[in-house]
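Shown next, in C-alpha cells, is the structure this report addresses.
Protein chains in written order, with our numbering: chain B, -5 to 65; chain G, 2 to 398.
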C-alpha cells in the first residue's frame, strides 16, 4: 500500500494541525500560514502522522489516496 | 443589579459544575432537532436549533450554508457583534480575505518563537504568587494575568495601560452588564485600540499587531485594525484564562493527574488536549442558516438561528465506549470542537496551547505541594458568563 498526499490550498484555514502532527510532510507558508506540502509521497513511517493530520484538518484540505503498492 | 442569568442551554448538572445538565444529554439522544430559547444580553431571548451531537456539530461547522449570524453592517450601531475587522462578523470570501492577513502571525513557527515571552510572563506570575503567599487567589494572581499579558505583548500595550485594558476585556464578556455598559465599554476599547494602531502606523512595533500593520496595513482601514485588536483581546483573553483556571481546579482535585502534567513532558500535549475537551470554555457557538439545510433528514430552515453546545458535543456518548464525563489526562486522543471546526476554527489555538503547555507544568513544579485552600464544594464557579470559569481559587502550599 502506497499513500499519496494532495492538498487543496484554497480550502486551507491555517489552523496548523498538519504541521504539529506531521512536520516532516507539511509546513506553513510564512506570509499567511497556508499549508505547504513538503513530501507528496511520504515514507511509510510517516503514514500514521499524515493520517492524523488529515483527520484533524478542520477544512478537509488534505486528501489522501491509498494505492496498492504492487500495482 | 439584575439577577445573574444562567444560560439554560449551557446548564450544568447539579453539584457537578463540569458536567452538562441531563437535559442536554436527553437532547443528544433524540433523533429530532430541538429548538431552545437562548437568552442574550444584546439580542434579548432568541429561539435557535439546538445542536448537541458531535457529528452534527462538525458537519454544520463545515457547511458554508451555516453562517455567522452577525455580519458587519456599517449603518447599524457598533457593538461587539457588529464590528469591522472581527473574523466572527464575516463569512465566505470576505472572511477568507481578512483571515489570511492574520494567519501568518499565528503559524506554528511564529508561536514557537513566542515561547521565551510566554515563559518570562509565567515566571513573573509565579514570583507574584510566591510573594502573595499561602492563601493567595490563583485566579487573579496567575490564571487571568497570563493571557492578558501575552495579548498585551502581541498588541504592544504599554505596561501602565494594562490594568484598564484588562478591565475593559472583562466587561466585554460580562453577560450581566447592560446594553448601555457594553456600548460604553466598546467605545472605550475602540478609542484605546485606535491609539495603539496609530502608534503602529507611525512606527510598527516588533510584535504581532505591528507586523499586521507593517505587512497588510495598506489594505486595512483604521476601523478594521481596531476591530482586529479588539478581537485578539476578547477571543484570546477570557477563554485562555478560563482554561488555566479550570485546569488548575481540576488538577488540584485530582493529584494523580496533576502529577502527570507536572512530571511527564511526553504526556503533556495529550493532557492539554484532554483538558481542552473537558473544560470547553466557550460553551456554545451561535450561527444562522443562510439557506435551508438538511441534517440527518431533518430540516433547518433558512433564517433560523442555530446554537451548538461544545460542552456536550465534546462528550457525545456515540463517540467512545469509555466514560467521557471523567477527566483522564492519559486518555487516547479524543476529538473535540473546543476551538470550533471549519473555516472559523480558532485563529489563536496554537497560542492557547502554548500558554497552557507552559503555565501548567511550571505552576506545579514551582509549588510541588500546591493544594486548594477551600473545600471542593465551596469553589466559586462562574456559571453566568458566556465563558465558564472559576471566580476565585484560594490555594496554599
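Positions of the beta carbon are idealized from the N, C-alpha and C atoms, including for glycine.
What does residue i touch in chain G if you count any residue whose Cβ is under 7 Å from its own?
i	result
residue 10(B)	108, 109 and 351
residue 52(B)	342, 343 and 346
residue 30(B)	Correct list: empty, because the minimum Cβ distance to chain G is about 10 Å.
residue 13(B)	109
residue 44(B)	Per Cβ cutoff of 7 Å: no residues; residue 44(B) is ~15 Å from chain G at best.
Looking only at C-alpha atoms, which of the options sits nearest to residue i?
i	options	result
residue 5(B)	261(G), 346(G) and 308(G)	346(G)
residue 293(G)	27(G), 305(G) and 283(G)	305(G)
residue 309(G)	10(G), 34(G), 39(G) and 52(G)	52(G)
residue 50(G)	63(G), 301(G) and 339(G)	301(G)
residue 362(G)	384(G), 284(G) and 264(G)	264(G)
residue 92(G)	70(G), 116(G) and 392(G)	70(G)
residue 104(G)	370(G), 159(G), 181(G) and 233(G)	233(G)
residue 67(G)	368(G), 353(G) and 287(G)	287(G)
residue 39(B)	19(B), 30(B), 8(B) and 2(B)	19(B)
residue 408(G)	83(G), 284(G) and 155(G)	Coverage of chain G is limited to positions 2 through 398, which leaves residue 408(G) absent and any answer about it impossible.
residue 369(G)	115(G), 127(G) and 200(G)	127(G)
residue 84(G)	225(G), 327(G) and 141(G)	225(G)
residue 145(G)	157(G), 135(G) and 166(G)	166(G)
residue 312(G)	21(G), 17(G), 73(G) and 34(G)	21(G)
residue 334(G)	303(G), 129(G) and 271(G)	271(G)
residue 160(G)	149(G), 169(G) and 30(G)	149(G)
residue 98(G)	32(B), 28(B) and 44(B)	28(B)
residue 61(G)	307(G), 317(G), 115(G) and 397(G)	307(G)
To the nearest angstrom, how far is the alpha carbon of residue i from that of residue j?
i	j	result
residue 372(G)	residue 344(G)	40 Å
residue 281(G)	residue 58(G)	14 Å
residue 32(G)	residue 24(G)	14 Å
residue 47(B)	residue 35(B)	15 Å
residue 4(G)	residue 290(G)	Residue placement at residue 4(G) is poorly supported in this model, since its pLDDT is 47, which falls under 50; the coordinates still yield a value, given next. Computed Cα separation, rounded: 32 Å.
residue 191(G)	residue 240(G)	21 Å
residue 261(G)	residue 331(G)	8 Å
residue 364(G)	residue 295(G)	48 Å
residue 229(G)	residue -5(B)	46 Å
residue 42(B)	residue 24(B)	26 Å
residue 188(G)	residue 182(G)	10 Å
residue 329(G)	residue 28(G)	25 Å
residue 323(G)	residue 336(G)	13 Å
residue 425(G)	residue 246(G)	For residue 425(G) there is no data in the structure shown, the boundaries of chain G being 2 and 398.
residue 2(G)	residue 22(B)	Unreliable placement is indicated for residue 2(G), whose pLDDT of 39 sits below 50; no coordinate value is reported for it.
residue 221(G)	residue 133(G)	44 Å
residue 65(B)	residue 2(B)	Annotation note: pLDDT 44 at residue 65(B) (below 50); position unreliable, no value reported.
residue 353(G)	residue 77(G)	33 Å
residue 47(G)	residue 157(G)	38 Å
residue 60(B)	residue -3(B)	5 Å
residue 285(G)	residue 36(G)	14 Å
residue 95(G)	residue 215(G)	21 Å
residue 173(G)	residue 186(G)	7 Å
residue 218(G)	residue 75(G)	20 Å
residue 11(B)	residue 88(G)	20 Å
residue 198(G)	residue 162(G)	15 Å
residue 205(G)	residue 389(G)	35 Å
residue 16(G)	residue 379(G)	11 Å
residue 177(G)	residue 41(G)	10 Å
residue 15(B)	residue 73(G)	35 Å
residue 374(G)	residue 244(G)	20 Å
Going along chain B in order, which residues have a C-beta closer than 7 Å to the C-beta of residue i?
i	result
residue 382(G)	The premise fails here: residue 382(G) is roughly 30 Å from chain B at the closest Cβ pair, so nothing lies under 7 Å.
residue 281(G)	Those within 7 Å of residue 281(G) in chain B number zero; the least Cβ separation is about 16 Å.
Give the residues of chain G in contact with residue i, contact being defined as C-beta atoms less than 8 Å apart.
i	result
residue 26(B)	101, 102, 104 and 105
Are the beta-carbon atoms of residue i and residue j separated by less than 8 Å?
i	j	result
residue 248(G)	residue 269(G)	no
residue 357(G)	residue 235(G)	no
residue -1(B)	residue 52(B)	no
residue 360(G)	residue 123(G)	yes
residue 140(G)	residue 392(G)	yes
residue 143(G)	residue 351(G)	no
residue 394(G)	residue 179(G)	no
residue 237(G)	residue 152(G)	yes
residue 321(G)	residue 338(G)	no
residue 18(G)	residue 384(G)	yes
residue 39(G)	residue 13(B)	no
At 9 Å on the CB atoms, spell out the chain B contacts of residue i, in chain order.
i	result
residue 63(G)	52, 53 and 54
Residues of chain G with CB under 9 Å from residue i, in chain order?
i	result
residue 19(B)	Chain G residues near residue 19(B): none, gap ~13 Å exceeds 9 Å.
residue -1(B)	Here the premise fails: no neighbours, minimum Cβ distance about 18 Å.
Residue i CB to nearest chain D CB: under 8 Å?
i	result
residue 7(B)	Checking the listed chains, one finds no chain D in this structure; the protein chains it contains are B and G.
Unbroken alpha helix (DSSP H) runs of length 4 or more, entirely within the segment 291 to 350 of chain G: which are they?
311 to 314
Would you mind listing the alpha helix (DSSP H) stretches within the segment 9 to 45 of chain G that are 4+ residues and don't spill past its ends, in chain order?
23 to 30
Restricting to runs no shorter than 4 residues, where is the alpha helix (DSSP H) found entirely within the segment 103 to 173 of chain G?
109 to 114, 116 to 133, 146 to 156 and 163 to 173
List, from N- to C-terminal side, the beta strand (DSSP E) runs of 3 residues or more that fit wholly inside the segment 18 to 61 of chain B.
20 to 22, 29 to 31 and 56 to 61
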